[in-house]
Amino acid sequence: MPTDASTSSALASAIENLAAGRPLDVESARLAVGAILDGTAGEVETAAFLTALHVKGETGDELLGAVQAIRERMIPFDPGRDGGIDTCGTGGDRAGTVNISTGAAVVVAACGVPVVKHGNRAASGKSGSSDVLLELGVAVEAEPAVLRRGLDELGVAFLFAPRFHPGLRGVAPIRKRLPFRTVFNLVGPLCNPASPPYQLVGVPREAHARRMAEVLSRTPSIRRAVVVRGADGLDEVSLAGETEVLLVEGGRIDRLTWTPADFGLPETHARGLAVDGPAESAALLRKTFQGGDGPARAYILANAAAAVWTAEGTPLRDAVARAADALDSGRAADLLARWAEVSQEAS
């Protein structure tokens, strides 16, 4: 185990290299981020590292090193089953839309595909996944036994990041004071405590999408993952035009392009998805689950279908049909209501 002196030295060396524009290798990034998470770094050093890394731009090796440091310190969650998918985005698209990936997660579970969603409060938008789930009645800080019960009975669980990553709590005040999103925003979706084998990740910036895919391709637990970026900058599957897709499977990264026609859905602009906070987002999701039509339904169908395609290989149009049936039959609404009940039960 590295000593405080050695980790502090590793952090100082990392800051010096980053400030000079030199990239870090995986091990150097792992040690530097580890020093921050262990609390051996001061606020000035932490801010200097995060700033220098942001200004230089993160490489795949640097992201992987950060992921390794976080995962070494996280509290793991045993889902008690094989399979399962996480639907999570990095945020940062500044679109202020309804929580599409959260709504899609409920629909995916109602399609019979287990979902172990990892999330947090809003990173940059008006409503994070935990914010909207609280509005929907789901207790996001439930005990692991309760999470397992929800996964066993309903096929869905939400892992609240601060509960499973205690090392990140000390960094939170510094991150909030910095005027930019840090490496922790990028790697958060790659640090699910359940280590699900399937993952659908939304990224708004093209430069980050490839690096995220690179890290996923080097993650042993991943069987198949998809990184999506809407051409309009949405960190979701977009129906406003093309969606850039990076498919990670067998250590390979293949580039695909999806259009609304691939899903059998009409071209739909994201303007109709704008919400002003968690309450509005939850209200729009409820309306959609209760049979409401419109842009929110279309985007939830597309993103749920993408998740089913990722986990099972189901053709996109068939996956859309399954997702539509989950909504129209009331299964998604029933699952959400039952999820809220189960999450409130004592362990």
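Counting in the working numbering, the sequence shown runs from 121 upward without gaps.
Every residue, glycine too, gets a C-beta built ideally from N, C-alpha and C.
### Query
Of the choices Thr166, Val187, Ala139 and Ile156, whose alpha-carbon is the least far from that of Pro340?
Val187
### Message
Please give the ranges of any alpha helix (DSSP H) in the region 226-268, keeping only runs that are unbroken, at least 4 residues long and fully inside the region.
### Response
249-255
### Message
Rounded to whole angstroms, what is the Cα-Cα separation between Val291 and Ile195?
### Response
Looking at the two C-alpha atoms, the distance is approximately 17 angstroms.
### Task
Grab the span of the alpha helix (DSSP H) containing Leu421 for me, first residue to last.
Where Leu421 is concerned, the enclosing alpha helix (DSSP H) starts and stops at Pro415 to Glu432.
### Query
Would a C-beta distance cut-off of 8 angstroms place Gly397 and Pro316 closer than the cut-off?
no
### Task
Give a yes or no on contact between the region 266-279 and the region 298-305, applying the rule of three or more CB pairs nearer than 8 angstroms.
Taking 8 angstroms as the limit for Cβ pairs, the verdict is that the region 298-305 does not touch the region 266-279.
### Message
Using a Cβ-Cβ cutoff of less than 6 angstroms, which residues in the same chain neighbour Gly287 once the five nearest sequence positions on both sides are dropped?
### Response
Leu157 and Arg193
### Task
Drop a sphere of 10 angstroms on the beta-carbon of Glu147, count the other beta-carbons inside from all chains shown, and report buried for 16 or more, exposed for fewer.
Exposed, because fewer than 16 other Cβ atoms sit within 10 Å of the Cβ of Glu147.
### Query
Are the CB atoms of Gly361 and Asp352 nearer to each other than 8 angstroms?
yes
### Task
Have a look at Ala427 and His328 and give me their C-alpha separation to the nearest angstrom.
20 angstroms
### Alpha-carbon to alpha-carbon, His285 and Met121
Confidence in Met121 is poor, its pLDDT being 47 and thus under 50, which makes the residue's placement unreliable; the coordinate value appears in the next sentence. C-alpha separation (whole angstroms): 19 angstroms.
### Task
Check Leu201 in the structure and name its three-state DSSP category.
One point to set straight first is that residue 201 is Arg, not Leu, in the sequence displayed. It is coil, neither helix nor strand.
### Message
Taking the alpha carbon of Pro293 as the reference point, which residue from Gly159, Gly412, Ala224 and Cys231 has its own alpha carbon closest?
### Response
Gly159
### Query
When DSSP labels each residue in this structure, what does Ile190 get in the three-state scheme?
helix
### Task
Identify every run of the beta strand (DSSP E) within the region 320-357, keeping only runs that are complete inside it and at least 3 residues long; order them along the chain.
Those beta strand (DSSP E) runs which fall completely within the region 320-357 and span 3+ residues are 344-350.
### Query
Taking C-beta to C-beta, are Thr377 and Glu369 nearer than 8 angstroms?
It is not a contact, given that the beta carbons lie outside the stated cut-off.
### Task
Determine which residues share a DSSP beta bridge with Leu310 and list them.
Beta-bridge annotation (DSSP): Leu310 is not paired with any residue.
### Message
Are the CB atoms of Val226 and Ala452 within a distance shorter than 8 angstroms?
### Response
At the C-beta level, Ala452 and Val226 come within 8 angstroms of one another.
### Query
Curious, which full-length alpha helix (DSSP H) runs of at least 4 residues does the region 154-192 contain?
Complete alpha helix (DSSP H) runs here, min 4: 163-176.
#### Entry: Same chain, Cβ closer than 6 angstroms to Ile135, neighbours up to 5 away in sequence not counted
Ala168, Phe169 and Ala172
### Query
If we call anything under 8 angstroms between Cβ atoms a contact, is Ala281 one with Asn240?
yes
### Query
To which residues does DSSP link Leu366 through a beta bridge?
Paired residues: Val347 and Arg375.
### Task
Compute the distance between the beta-carbons of Gly209 and Pro309, then report whether it is under 8 angstroms.
yes
### Query
Mapping DSSP to helix, strand and coil, what is Thr408?
helix
#### Entry: Secondary structure of Ala277, DSSP reduced to three states
Residue state for Ala277 is assigned as strand, using DSSP reduced to three classes.
### Query
On the three-state DSSP scale, how would you describe Asp206?
strand
### Query
Where DSSP assigns a beta bridge to Ala394, which residues make up the other side?
The partner list for Ala394 (beta bridge, DSSP) reads Thr217.
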